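For what it's worth, the working numbering labels the leading residue of the sequence shown as 1141, then goes sequentially.
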Amino acid sequence: MTSVDLSNCPTLSPLARSLAGRQWRLSLQHSRKHAVILWITRGQGRAVLRGRETRFGPHSLIYVPANTLFSVDAGVKPLGHIIRIPDTDATLSGLLPETEALLRVRDLHDQADLSRMIETASMESEIQEPLHEAAMTAHVVLIAVWMNRALAQRPPAPPARADARLAARFCDLVVRHYRSGRSMAQYAEILGVTPTHLARCCKSSAGTSAANILTERSLYAARDLLCSTDHPFRQIAAHLGFGSPAYFTRFVHHHTGHSPTDLRRAG
């Protein structure tokens, strides 16, 4: 049988499988090199998309472009799927919106249409037969077309408030520089505002402090490297801008209650 190269292929998996014991992979602020579509059929919670907090319930679609800071807390045992879309197919990339979006799909017919498309893509993702990459891309193209049509039917969004604009600029900087070891005050200086003003705007727009956004992004990166690589702790600490391996260890233990060694063993 012909081998299947999945490196450039969209992937789809159930949320329950993706998050089993690893809720932090969505609940902590982070960014990804690929775009993400979340289709949540059961569960409700809070999403922070590029510094703007929003609430969602069942039958919500969340779209996050590549290199966009976000987190999603969908509560206990959510049902749905996550689609990861690499930036390798020109047709598919051209269909992806440039900005993040949340769609609350209330119409029963629309819910059924989208669920049917995702279930069909899910069946294809399980079999991985020859031409699997082409098939998965075709399925995700249909989902992207559906998403674009639904977004086009929404009324125009009001202009973003000043606090949301500043929070978004801060999040964009964090995506690019979270490994620099910069403090929140240094980010504020780059943005031309006081630390107090930045903290206030992030709290108002994102529902959390600027300092916590920085902390979560570093913590996500630390946990990801601990679980997905065998790099020495000192190398991870240096890569993420920590002054010493000891400080890195204290940071991880303080925010998780576990040592880096324990987290690596848990996977």
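Ideal Cβ placement from N, Cα and C applies to all residues, glycine included. Note that the structure is predicted; figures quoted are calculated from it, not measured.
Review point. Cα separation between Leu1155 and Ala1361?
Key: Straight-line Cα distance between these residues: approximately 20 Å.
Exercise for review: Keeping to the same chain, check which residues put their C-beta closer than 6 Å to that of Phe1391; ignore five residues upstream and five downstream.
Suggested key: Around Phe1391: no qualifying Cβ.
Point to revise | C-alpha gap between Arg1340 and Asp1303, whole angstroms | key: 8 Å
Check your understanding: Any idea which residues DSSP pairs Tyr1360 with across the strands?
Key -> In the DSSP output, where bridge partners are listed per residue, Tyr1360 has none listed.
Practice item. Just mark Ile1267 as buried or exposed, buried being the case when its beta carbon has 16 or more other beta carbons within 10 Å. Key: The residue is exposed, with fewer than 16 neighbouring Cβ atoms inside 10 Å.
Practice item. Could you check if His1279 is buried or exposed, using at least 16 other CB atoms within 10 Å of its CB as the buried criterion? Key: His1279 sits buried, since 16 or more C-beta atoms from the chains shown fall within 10 Å of its C-beta.
Point to revise | Val1216, DSSP secondary structure in three states | key: Coil, per DSSP.
Review point. Should Leu1236 and Ala1175 be called a contact, given that it needs their Cβ atoms to be closer than 8 Å?
Key: yes
**Study point:** The beta strand (DSSP E) enclosing Phe1382, as first and last residue numbers
**Key:** From DSSP, Phe1382 is part of no beta strand (DSSP E); its letter is neither H nor E.
Check your understanding: Does the distance from the CB of Ser1416 to the CB of Ile1222 come in under 8 Å?
Key -> This structure cannot speak to residue 1416, because the chain is shown only from 1141 to 1407.
Check your understanding: Which term fits Ser1265, buried or exposed, when burial requires 16 or more other beta carbons within 10 angstroms of its beta carbon?
Key -> buried
Review point. Roughly how many whole angstroms lie between the Cα atoms of Val1144 and Ala1275?
Key: Note that Val1144 has pLDDT 42, beneath the 50 cutoff, so the model's placement of it is unreliable and no number is given.
Point to revise | Nearest candidate by alpha-carbon position, reference Gln1375, set Glu1269, Asp1402, Gly1234 and Arg1319 | key: Arg1319
**Study point:** Met1263 classed as buried or exposed, judged by whether at least 16 other C-beta atoms fall within 10 angstroms
**Key:** exposed
Practice item. Answer yes or no: do Leu1243 and Leu1271 have a C-beta to C-beta separation smaller than 8 Å? Key: Inclusion of Leu1243 and Leu1271 in the CB contact set at 8 Å is not warranted, their separation being larger than that value.
Review point. Going straight from the alpha carbon of Met1141 to that of Glu1273, what length do you get?
Key: Low confidence applies here, because Met1141 scores a pLDDT of 33, under 50, leaving its location unreliable and the question unanswered by this model.
**Study point:** Helix, strand or coil at Pro1270 according to DSSP, with G and I counted as helix
**Key:** coil
Exercise for review: Indicate whether the contact test is met: 3 or more Cβ pairs, each with one atom in the stretch 1322-1329 and one in the stretch 1288-1307, closer than 8 Å.
Suggested key: no
Check your understanding: If you count every other CB in all the chains shown that lies within 10 Å of the CB of His1199, and 16 or more means buried, which is it?
Key -> buried
Exercise for review: Report yes if the CB atom of Leu1209 is closer than 8 Å to the CB atom of Arg1357, and no otherwise.
Suggested key: yes
Point to revise | Residue from Val1245, Asn1207 and Trp1164 with nearest C-alpha to Leu1189 | key: Asn1207
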